[in-house]
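For the sequence shown, my numbering assigns the number 10 to the initial residue and increments by one for each residue that follows.
Built from N, CA and C at the ideal position, the CB exists for glycine as well.
Note that the coordinates shown come from a computational prediction; the quantities given were computed from them, not determined experimentally.
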Amino acid sequence: MDTPRDPFHDGERALQAQAGMQARMAEIGPRAIRDHMPDQHRDFFAQLPFLVVGSVDADGQPWASVLSGPPGFVQSPDPHTLRVAAPAPAGSPLAAHVRVGAPLGLLGIQPHTRRRNRMNGSVARASAAGFDVEVEQSFGNCPKYIRTREAFFFGDDAPPAPAQPLPALDDAARALIRRADTLFIASAHAAGVDVSHRGGDPGFVTVGPDDLLTLPDYAGNFFFNTLGNLLLEPRAGLLFIDFDSGDLLQVNGRTHIVEKEEALADALAAHRGAQRLLRIAVTGALRVPGGLPLQWSPIDP
């Protein structure tokens, strides 16, 4: 179960070199990014009431989605497999993407403990009851920027309301983005898909003219999984959750990474602590009313 010496691709390595961290990451990466799931990660996924999924459609557009179920709906029967006993909702983008051989990125996150683990792989089995993912990369993330709230599955058997395609953001979508303290971002490269978490104070994502979103990029683990993907394939899929109503907002867009030397001083000043900015030109969106049957405890800032 040896991990390849270098688990990073050209985009990730380019940003690591730019940050002066490529040699360090070449040392850390093979130890941190495994081709199997350690027991701690296998047990962790089995505790979760929801799972964030990154996928790509037939045109290569990444999508960020979420599945939910009672704790235990995700299981790991062996270190190389994650089994998800929850089908993607009928008619959803994810339902069309889950097929044998398709790449998926999975994020398990437990906001109230601020733990998160990622697993990227490909679909090994798909049925009406769920799917299995074969592990290609498994690794943990630090607890930075996770807003602490606890999720409880309430077992609503009613199907979610039909998804509402939005050719452009409307006022309700802009309001949700402006008050968000959490989002999930899916990205892709030639060999796979990844989905990651971003968090900050409410309003950390700004909505500019023509619905140009600006997302700060804070110091992290220097793997640059997301930004490395976007350097090679600039399209991204975002997922915003309304933690009060359970509504979901999936936003697709084309990204541009803005480094400090390119950015106006006041733009970076508006995002205190940001190392760089990610600008996202929205190309489409999808709203799913009541799409997540979870209740959430009050946030602890």
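In this structure, V204 lies away from V65, with their beta-carbon atoms at least 8 Å apart. Within the segment 221-251, complete alpha helix (DSSP H) segments of at least 4 residues are found at 234-241, given in chain order. Considered as a whole, the segment 64-138 harbours 102-106 as its complete alpha helix (DSSP H) runs of no fewer than 4 residues, in chain order.
Annotation: A23 to G237 spans about 8 Å, alpha carbon to alpha carbon.
Judged by beta-carbon spacing, A189 lies within the 8 Å limit of V214, meaning their Cβ atoms are closer than that value.
Collapsing the DSSP output to three states places P47 in coil.
Shown here for V61: same chain residues with a beta carbon closer than 6 Å to its own, the five before and five after excluded, namely V75, L116, F193 and V204 in chain order.
Scanning the segment 164-190 from its first residue to its last, the whole beta strand (DSSP E) runs of 3-plus residues come out as 173-175.
Pairing S131 with E145 gives a Cβ-Cβ distance under 8 Å. The DSSP-derived three-state label of I266 is strand. When the alpha-carbon of H45 is set against those of T90, A73 and A55, the nearest one is in T90. Under DSSP, F17 takes part in no beta bridge, so it has no partner. Excluding residues up to 5 positions away in sequence, nothing lies with its Cβ nearer than 7 Å to the Cβ of D180 in the same chain. Contact check between the segment 154-173 and the segment 97-109: three or more CB pairs, one atom from each, fall below 8 Å, which counts as touching.
Within 10 angstroms of the beta-carbon of A184 lie fewer than 16 other beta-carbons, which makes it exposed. In the three-state DSSP reduction, D52 falls in the helix class (H, G or I).
The three-state secondary structure of G201, taken from DSSP, is strand. Between A245 and P71, the gap from beta carbon to beta carbon is short of 8 Å. Residue burial is scored here from C-beta neighbours: T223 has at least 16 other C-beta atoms within 10 angstroms and is therefore classed as buried. Linking I42 to R187 through their CA atoms gives a straight-line distance of about 34 Å. In chain order, D226, I266, V267, E268 and K269 place their CB closer than 7 Å to the CB of R285, counting only its own chain and leaving out the 5 sequence neighbours on each side. CA-to-CA, the gap between T191 and S306 works out to about 15 Å. The alpha-carbon of S85 is positioned some 15 Å away from that of F59.
With 16 or more other Cβ atoms from the protein chains shown falling within 10 Å of its own Cβ, D256 counts as buried. Just so you know, the alpha carbons of N230 and P16 end up roughly 14 Å apart. Residue environment for T122: exposed (fewer than 16 other C-beta atoms within 10 angstroms of its C-beta). In this structure, G208 sits away from I289, with a CB-CB distance that is not shorter than 8 Å.
In the three-state scheme derived from DSSP, where H, G and I count as helix and E and B as strand, E36 is classed as helix. Cβ-Cβ distances below 7 Å link A73 to V61, G63, F193, I194, A195, V204, G246, L247, L248 and Q259 in the same chain, with the five nearest sequence neighbours on each side left out; the list follows chain order.
Secondary structure at R285: strand, using DSSP grouped into helix, strand and coil.
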